[in-house]
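Asker: End of the sequence shown = 358 in the numbering used here, gap-free, step of one. Every residue gets a Cβ at the ideal spot worked out from N, C-alpha and C, and that includes glycine. Model, not experiment: these values are computed from the prediction. Here it is, the structure in full.
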Amino acid sequence: MNYNIALIKGDGIGPEIVSSAVRVLEKIGERFGHTFNFTDYLMGGIAIDTCGNPLPQETIDGCRAADSVLLGAVGGPKWDKNPAALRPEKGLLGIRSALGLYTNLRPAKLYSALSSECPLRADIVEKGFDLMIVRELTGGIYFGERGRRDGKYGPEAYDTEAYSVMEIERIARVAFETAKKRGGRLMSIDKANVLETSRLWREIMHRIGEEEYPEVVLSDMLVDNAAMQLVRCPSQFDVIVTSNMFGDILSDEASQITGSIGLLPSASLGDGKCGLYEPIHGSAPDIAGQDKANPIATILSAAMMLRYSFGLAKEADAIEAAVDSVLEAGLRTADIIGTSDKAPLGCTAMTDAILAAI
Ligand code: IPM
Ligand code: MG
Numbered sequence: 001m002n003y004n005i006a007l008i009k010g011d012g013i014g015p016e017i018v019s020s021a022v023r024v025l026e027k028i029g030e031r032f033g034h035t036f037n038f039t040d041y042l043m044g045g046i047a048i049d050t051c052g053n054p055l056p057q058e059t060i061d062g063c064r065a066a067d068s069v070l071l072g073a074v075g076g077p078k079w080d081k082n083p084a085a086l087r088p089e090k091g092l093l094g095i096r097s098a099l100g101l102y103t104n105l106r107p108a109k110l111y112s113a114l115s116s117e118c119p120l121r122a123d124i125v126e127k128g129f130d131l132m133i134v135r136e137l138t139g140g141i142y143f144g145e146r147g148r149r150d151g152k153y154g155p156e157a158y159d160t161e162a163y164s165v166m167e168i169e170r171i172a173r174v175a176f177e178t179a180k181k182r183g184g185r186l187m188s189i190d191k192a193n194v195l196e197t198s199r200l201w202r203e204i205m206h207r208i209g210e211e212e213y214p215e216v217v218l219s220d221m222l223v224d225n226a227a228m229q230l231v232r233c234p235s236q237f238d239v240i241v242t243s244n245m246f247g248d249i250l251s252d253e254a255s256q257i258t259g260s261i262g263l264l265p266s267a268s269l270g271d272g273k274c275g276l277y278e279p280i281h282g283s284a285p286d287i288a289g290q291d292k293a294n295p296i297a298t299i300l301s302a303a304m305m306l307r308y309s310f311g312l313a314k315e316a317d318a319i320e321a322a323v324d325s326v327l328e329a330g331l332r333t334a335d336i337i338g339t340s341d342k343a344p345l346g347c348t349a350m351t352d353a354i355l356a357a358i
């Protein structure tokens, strides 16, 4: 089969890690008889510098026409002081929204080979964990009305969170379906003791659960407690469903307990097959262009693309098994080197090792 993939390399380490994932996809193509065609598009800081817009229309059109999108990372100190409309992050939020990608899947599991990198206590590590965060991606406070105004105490800033019944229902169904295919347990995380959006969220989660998914065990947890439970006992979670902002925060926390944020992939999906696949980490401008980045999160994101957008499960398995095997063999990039006395591999050498394992 022939697949057209839009590449958004972005800023910082983006180009290096996307190139690594492209090499892996080409290898998979060779081994399993598929052709992947790649087309580059600009987004983020580089798009601001080149065309004065973090999300050029050409990028939106190219991504819509593609079978799927692979993204590196955007942002960097160079654009940090820009006004809101000219920030790289605006491009990222914009493309998710333009493509209707309201679901963000962020799996976090502890690799046994990396258990020594886990910052948690030995008895917690021993139990392991393997969880999936289902983050709502195109609603809530990241997309609400915001601005500056004169307030009671003088000038103030405000951001607003709104969730419609429709937005909660559709993410609920994705989360219940995900739980059905995994361990059958769904934890909905909110702040229903304070926020009205959370009270609606909770109400709808329970209605959908009772009416459509009686076989899934649904529980609720307040977000502050969830932040604590993730480090106290992560093995209690199977599937987590939560709002855009809570999912953003909790997924960074979940990544760190796996050993490194450099390992976690993500898939952003809508109602169609086209998705956007990206590592959950940022553009790491401090190590950009030095061949030090960990390409694993992006390579695993490419595996998610094969699985979720193209239905190529055994090809995705082959990538994941190759990543497992290099980690088992003790190969490490700098972010996961821990106390090992071996020299860390660079981005290219780690990619070479994964290619060899495929
Ligand atoms: C992420 C990032 C983005 C987000 C930022 C860069 C807008 O933190 O993908 O988690 O909040 O979604
Ligand atoms: Mg984030």
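1. Run the CB neighbour count on Ser219, radius 10 Å, all protein chains shown included, and call it buried at 16 or more, exposed below.
2. DSSP three-state call for Phe38: helix, strand or coil?
3. Might you give, ordered along the chain, the residues of its own chain that have their beta carbon closer than 6 Å to the beta carbon of Asp291, omitting 5 neighbours on each side?
4. Could you spell out where the beta strand (DSSP E) holding Arg182 opens and where it closes?
5. Please confirm whether Leu92 and Gly44 have their CB atoms less than 8 Å apart.
6. Please look up how many angstroms separate the CB atoms of Ser283 and Gly52, rounded, as I've assumed it's under 8 Å.
7. For the 8 Å Cβ check, are there 3 or more pairs between the region 136-154 and the region 93-112?
8. Could you check whether the Cβ of Gly10 sits closer than 7 Å to any heavy atom belonging to the ligand IPM?
9. Three or more beta-carbon pairs under 8 Å between the region 222-231 and the region 246-264, yes or no?
10. Could you check whether the Cβ of Ile280 sits closer than 7 Å to any heavy atom belonging to the ligand IPM?
11. Can you determine whether any heavy atom of the ligand MG sits closer than 7 Å to the C-beta of Asp248, and answer yes or no?
12. Rounded to the nearest angstrom, what separates Val241 and Ser251 at their Cα positions?
13. Which residues mark the beginning and the end of the beta strand (DSSP E) in which Arg106 is found?
14. Indicate the three-state DSSP secondary structure (helix, strand or coil) for Glu161 in the structure shown.
15. What are the boundary residues of the alpha helix (DSSP H) that Arg88 is part of?
16. My assumption, with CB atoms under 8 Å, is that Leu70 sits in contact with Tyr277. Please give the rounded CB distance.
17. Could you please give me the residues that DSSP links to Asp190 through a beta bridge?
18. Is it the case that the CB of Glu89 approaches a heavy atom of the ligand IPM more closely than 7 Å?
19. Give, in chain order, every unbroken run of the alpha helix (DSSP H) that is at least 4 residues long and sits entirely within the region 263-301.
20. State the DSSP-derived secondary structure class of Lys6, mapped to helix, strand or coil.
21. Our contact map puts Ile133 next to Thr59 with C-beta atoms below 8 Å; I'd like the distance itself, whole angstroms only.
Answerer: Reading off the structure:
1. exposed
2. strand
3. Gly346, Cys347 and Thr348
4. Looking at the DSSP string, Arg182 is not in any beta strand (DSSP E), and its letter there is neither H nor E.
5. yes
6. Contact doesn't hold; Cβ gap of about 20 Å is too wide.
7. yes
8. no
9. yes
10. yes
11. yes
12. 11 Å
13. Thr103 to Lys109
14. coil
15. Checking the displayed sequence, the identity of residue 88 turns out to be Pro instead of Arg. Unbroken alpha helix (DSSP H) run through Pro88: Pro88 to Ala98.
16. 5 Å
17. Leu222
18. yes
19. none
20. One detail in the question is off: residue 6 reads as Ala in this sequence, not Lys. Here Ala6 sits in strand by DSSP.
21. Wrong, their Cβ atoms sit about 27 Å apart, outside the cutoff.
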